[in-house]
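When you line the sequence shown up against our numbering, it's residues 4 to 450, in that order.
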Amino acid sequence: MIGYPNVGKSSLVNRLSGTREAVVHETAGVTRDRKEVPAEWNGRRFTLIDTGGIDEAERDSMAQAIRGQANAALKDCDGALMVVDAKAGLRPGDEEVADMLRRSHIPIILAANKCDSVTTIPFAAEFHKLGLGEPVPVSAAEGLGIGDLLDRISMLLGEEIPIGPMLEEPVRLALIGRPNAGKSSLVNQLTGEDRVIVSEIAGTTRDAIDTPLEIPAELAGGRARTVLLVDTAGLRRNAKIDGSLEQAAALRSRRAAERATVALVVCDALDGVTTQDLRIAELSMQSGCATALVLNKWDLVKDSGREPDDVLADAQALVGTRSRLRPRVLTASALTGRHVSRLLTEAVGLADRASERIPTPMLNRFLSEIVAARQPPAVQGKRLKLIYGAQTETSPPRFAIQVNSRSRITKAYAYYIENRIRERFNLEGVPIIIDLIEHRSRRGERD
4 MIGYPNVGKS
14 SLVNRLSGTR
24 EAVVHETAGV
34 TRDRKEVPAE
44 WNGRRFTLID
54 TGGIDEAERD
64 SMAQAIRGQA
74 NAALKDCDGA
84 LMVVDAKAGL
94 RPGDEEVADM
104 LRRSHIPIIL
114 AANKCDSVTT
124 IPFAAEFHKL
134 GLGEPVPVSA
144 AEGLGIGDLL
154 DRISMLLGEE
164 IPIGPMLEEP
174 VRLALIGRPN
184 AGKSSLVNQL
194 TGEDRVIVSE
204 IAGTTRDAID
214 TPLEIPAELA
224 GGRARTVLLV
234 DTAGLRRNAK
244 IDGSLEQAAA
254 LRSRRAAERA
264 TVALVVCDAL
274 DGVTTQDLRI
284 AELSMQSGCA
294 TALVLNKWDL
304 VKDSGREPDD
314 VLADAQALVG
324 TRSRLRPRVL
334 TASALTGRHV
344 SRLLTEAVGL
354 ADRASERIPT
364 PMLNRFLSEI
374 VAARQPPAVQ
384 GKRLKLIYGA
394 QTETSPPRFA
404 IQVNSRSRIT
414 KAYAYYIENR
424 IRERFNLEGV
434 PIIIDLIEHR
444 SRRGERD
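Spelled out as structure tokens, the structure:
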């Protein structure tokens, strides 16, 4: 999907895919990175790549980066769908994009968008001048002509490639954090290419960008794995969010965390772990996502006048006292690549631990041990008893523990059980759910 700014490419992506994956806003230039969105028509599956608007007249660094992303998309695709604004008519910018597409030597479909009624369909005829064939009049807003456009896309793609056997579900790894912490730089370092735009300007990323990545066996616990990297927009406190566009970007970041398996909360090592970083970690925990904190820009710590060991110790102490999840604190440098591969190893390990099932006999032996180490509380002379435990779900782990009376449970002892489970079964950074169920088989224990 390629074209001049504000012609409706993202709206058309959403209409063709039947989703709301692409960010749509009345402000021109919202889309910057290339975003892949799966679509299907008549049983044929394909991927739409949304790109930022191309304006050759703009020469600033952001415009150049957007053009670079669009060119990278053209190199990877089987065909191009050029989108023009039928209401605005033919513009010099459209001719420049058409020239670029002709040089790419790939099949091209021309879509005249914003033909919102039958009376506006003739507006598409003007775009014959681009020399890209018959324009398809469509309306992303109203759905007019979408079926015809999908038929043209199917014809362009040719015969369908047979679908192979189902592969293992990838580990969905979301990089979340405050603006300008280096999330996009980490994505580019992990993928080995300029997959997303990196800028010193905070808030450059406005969408959740999915990037598949193959992890070799030596980094993934002995077998090759697939990780789906999700780069997200920076999250600020609600009071500091400026305008509907940033609000929409923040909402998409939260949704990315909700559908991720693992979240890495990227922090600026020069700032250490802040209260907002812990709030973001809490957000991912509440969505059932395994979490670790990453102190990025670690290469700059020595020059800041502080000892790296002190910075790491302070961060670990803060996390230990302020977070029930107790996530690990890792260090990395997206600039130099130091310890970046270790982040993938940690992410895969977190996903595996969150999906493991603890055998029931092992869990009950463990419950007996923690009761022996610390007696449960007594209320009015009657002591709480942990009768039986079993794990009922995974990802995140969920445990059901039968007790003789829920009224005798204290918050301190509930946290004690949670912390001991986390320590014994290596679940630091993994959210766990404990259901304390009152056992009603004995008449004397009924309320």
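Don't be surprised by glycine CBs; every beta carbon is placed ideally from N, CA and C.
Proximity to residue i [Cα-Cα], best of the options
i: residue 88; options: 100, 176, 108; result: 100
i: residue 18; options: 150, 157, 161; result: 150
i: residue 227; options: 173, 434, 54; result: 173
i: residue 331; options: 373, 157, 298; result: 298
i: residue 274; options: 266, 180, 352, 232; result: 180
i: residue 338; options: 286, 21, 186, 311; result: 186
i: residue 270; options: 282, 261, 44; result: 282
i: residue 126; options: 313, 90, 311; result: 90
i: residue 15; options: 399, 148, 437, 235; result: 148
i: residue 276; options: 261, 315, 153, 287; result: 315
i: residue 364; options: 46, 394, 132, 319; result: 394
i: residue 335; options: 430, 360, 420, 189; result: 189
i: residue 21; options: 42, 71, 402; result: 42
i: residue 401; options: 356, 388, 371; result: 356
i: residue 3; options: 261, 120, 94, 153; result: With the chain covering only 4 through 450, there is no way to say anything about residue 3.
CB contact flag (residue i, residue j, <7 Å)
i: residue 397; j: residue 358; result: yes
i: residue 390; j: residue 439; result: no
i: residue 295; j: residue 349; result: yes
i: residue 96; j: residue 58; result: yes
i: residue 54; j: residue 73; result: yes
i: residue 280; j: residue 268; result: yes
i: residue 353; j: residue 272; result: no
i: residue 325; j: residue 263; result: no
i: residue 111; j: residue 76; result: no
i: residue 215; j: residue 231; result: yes
i: residue 369; j: residue 327; result: no
i: residue 233; j: residue 177; result: yes
i: residue 367; j: residue 392; result: yes
i: residue 124; j: residue 140; result: yes
With 16 other Cβ atoms within 10 Å as the buried cut-off, status of residue i
i: residue 422; result: exposed
i: residue 291; result: buried
i: residue 167; result: With a pLDDT of only 49 at residue 167, under 50, the local geometry of the prediction cannot be trusted, and the value read off the model is given with reservation. Label assigned to residue 167: exposed.
i: residue 24; result: buried
i: residue 60; result: exposed
i: residue 385; result: exposed
i: residue 436; result: exposed
i: residue 305; result: exposed
i: residue 407; result: buried
i: residue 135; result: buried
i: residue 425; result: buried
i: residue 434; result: buried
Near the ligand NAP: residue i beta-carbon under 6 Å from a heavy atom
i: residue 153; result: Looking for the ligand NAP in the displayed structure turns up nothing, as the structure carries no ligands at all.
Range covered by the beta strand (DSSP E) that runs through residue i
i: residue 321; result: Counting along the chain, residue 321 falls outside any beta strand (DSSP E), though it belongs to the alpha helix (DSSP H) covering 311-325.
i: residue 271; result: 265-271
i: residue 179; result: 174-180
i: residue 102; result: No beta strand (DSSP E) holds residue 102; the alpha helix (DSSP H) holding it covers 95-107.
i: residue 229; result: 228-234
i: residue 402; result: 401-406
Limits of the unbroken alpha helix (DSSP H) element including residue i
i: residue 420; result: 414-427
i: residue 65; result: 64-79
i: residue 433; result: Residue 433 -> no alpha helix (DSSP H), and no H or E assigned at all.
i: residue 43; result: Per DSSP, residue 43 belongs to no alpha helix (DSSP H); it is in the beta strand (DSSP E), 38-44.
i: residue 129; result: Neither: residue 129 is in no alpha helix (DSSP H) and is coded neither H nor E.
i: residue 372; result: 363-376
i: residue 150; result: 149-160
The stretch 105-120 touching the stretch 144-153, judged by at least three CB pairs closer than 8 Å: Output reads yes: the stretch 144-153 touches the stretch 105-120.
Inter-stretch contact (C-beta, 8 Å, three-pair minimum) for the stretch 408-420 and the stretch 373-386: Touching, per the Cβ criterion.
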